[in-house]
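Just so you know, we're using the working numbering here: the sequence shown kicks off at 10 and counts up by one. Glycine included, C-beta positions come from ideal geometry on N, C-alpha and C.
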Amino acid sequence: MNYWKVIKNTVKEFIADDPMSYSSSIAFYTIFSLPAILIITVSIASSAYEDEVVRNNLMEQIQSLFGATSAEEIDKILANADGLGDSVIAKIIGIGTLIFSATTVFVSLQNGLNRIWRIKPKPEKGFIKFIVNRLLSLAMIISIGFLLLVSLVVDTLIVVFNNILSELFSGGTYYIVSAVNLGFSLAIITLVFAMIFKILPDAKVEWRDVWVGAFVTTVLFTLGKYLIGFYLGNSSLSNAYGAAGSLVLLLVWVYYSSVIVLFGAEFTFVYSKEIGHKIRPDKGAVIVRQVESEEGNVNE
10 MNYWKVIKNT VKEFIADDPM SYSSSIAFYT IFSLPAILII TVSIASSAYE
60 DEVVRNNLME QIQSLFGATS AEEIDKILAN ADGLGDSVIA KIIGIGTLIF
110 SATTVFVSLQ NGLNRIWRIK PKPEKGFIKF IVNRLLSLAM IISIGFLLLV
160 SLVVDTLIVV FNNILSELFS GGTYYIVSAV NLGFSLAIIT LVFAMIFKIL
210 PDAKVEWRDV WVGAFVTTVL FTLGKYLIGF YLGNSSLSNA YGAAGSLVLL
260 LVWVYYSSVI VLFGAEFTFV YSKEIGHKIR PDKGAVIVRQ VESEEGNVNE
């Protein structure tokens with residue numbers, strides 16, 4: 010297996026696909042979708058835990074990813090999110106708006122993945138495709154809410170596990186528990202990326218290729234998290250934008266994170282083509298042919 014060829018072709022294809030434009034789109038829509046996503050996610054997890062416990066756990070997860078400053082900004086967004094209203098009509102409109110807003114960022118991500126995987130939906134499937142896309146995106150949000158619920162359960166088990174180890178051993182339990190917690194976090198992130206690669210694009214991709222791509226994306230995402238955090242922590246972006254500084258930091262973080270995710274998707278595409286099973290379009294999609302011109306790559 011020529012993994013060096015896979016890496017080289019991944020970089021080549023990634024540069025040609027102009028991922029920065031799609032990352033900008035994803036970051037832009039994330040800001041508008043974030044309140045709705047947070048409300049839906051917290052509502053799902055709150056069905057089994059108290060709302061305050063869910064929110065605290067969610068903020069801990071977000072802080073581990075985005076950093077303390079952005080986590081505080083997200084907490085403010087969630088705290089200031091409006092309710093659904095009192096009347097039946099207001100609730101219906103509120104729920105519809107909530108779902109539409111929350112799913113927009115995933116539709117934008119889907120478009121980016123389709124582009125990278127050389128796939129596009131058939132034009133005649135317009136309205137049906139719109140509904141399906143929103144339902145798939147909503148399913149992703151519900152899945153994230155479920156994973157948050159699982160995270161709460163596992164956190165409880167880890168505390169119990171730590172107490173048991175503390176009784177059995179006098180020291181060293183911190184490192185064991187930290188390793189277990191890290192392993193669980195990496196597993197959750199890998200699962201999220203696997204669901205994104207398997208469900209969102211209009212493509213058929215083998216699970217074996219999905220897991221390889223999701224794991225590589227998780228490694229890149231985890232390393233990138235610290236690099237992005239270091240960059241933002243030592244930059245003057247927050248001061249330059251004044252009161253909006255925290256929001257700008259969040260926007261930049263999402264932008265660079267989107268670049269990493271799209272690079273992972275590109276790796277998955279190249280890996281499946283070179284080593285695994287080629288990615289194929291769904292029934293409602295077609296392959297985009299790519300031809301060379303003097304200006305570069307042109308899609309047809």
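*Note down, in chain order, each residue of its chain lying with its Cβ closer than 8 Å to the Cβ of residue 304, except the 5 sequence neighbours on either side.*
Confidence is the limiting factor: at residue 304 the pLDDT is only 43, short of 50, which leaves the residue's position unreliable and the question unanswerable from this model.
*Close-in-space but distant-in-sequence residues of the same chain around residue 211 (CB under 7 Å, 5 per side omitted)*: 123, 128, 130, 290, 291, 293, 294
*Assumed close pair residue 274, residue 125 - CB separation to whole angstroms, cut-off 8 Å*: Correct: roughly 5 Å between the Cβ atoms.
*Straight-line gap, residue 30 to residue 120 (C-alpha atoms, nearest Å)*: Distance between the alpha carbons of residue 30 and residue 120: 11 Å.
*Let me know if residue 266 comes out buried or exposed under the rule of 16 or more other beta-carbons within 10 Å of its beta-carbon.*
buried
*asked:* By the DSSP assignment, the beta strand (DSSP E) with residue 129 in it spans what residues?
replied: 128–130
*Considering only residues of the same chain and omitting the five flanking positions on each side of residue 64, which have a CB-CB separation below 8 Å?*
51, 84, 87
*Inspect the beta-carbon positions of residue 195 and residue 227 and report whether they are closer than 9 Å.*
yes
_Assuming contact is defined by CB atoms lying nearer than 9 Å, are residue 208 and residue 148 in contact in what I supplied?_
Yes, the pair counts as a contact, with Cβ atoms nearer than the cut-off.
*How about residue 269 and residue 230: do their beta carbons lie closer than 9 Å?*
yes
*Is DSSP giving residue 83 helix, strand or coil here?*
helix
*Can you grab the Cα-Cα spacing for the pair residue 199 / residue 277, in whole Å?*
13 Å
*Give the secondary structure of residue 16 by DSSP, where H, G and I count as helix, E and B as strand, and everything else as coil.*
helix
*Flag this pair as yes or no: are the beta carbons of residue 260 and residue 36 separated by less than 9 Å?*
Judged by beta-carbon spacing, residue 36 lies within the 9 Å limit of residue 260, meaning their Cβ atoms are closer than that value.
_Check for me: the beta strand (DSSP E) holding residue 295 runs from which residue to which?_
294–296 is the extent of the beta strand (DSSP E) around residue 295.
*What does a CB cutoff of less than 6 Å around residue 49 pick up in its chain, not counting 5 residues either side in sequence?*
111, 150
_Exposed unless 16 or more other CB atoms sit within 10 angstroms - verdict on residue 46_ = Classification for residue 46: buried.
_I believe residue 279 touches residue 22 by the beta-carbon criterion, under 8 Å. Please report the beta-carbon distance rounded to the nearest angstrom._
About 6 Å separates the Cβ atoms of residue 279 and residue 22, confirming a contact at the 8 Å cut-off.
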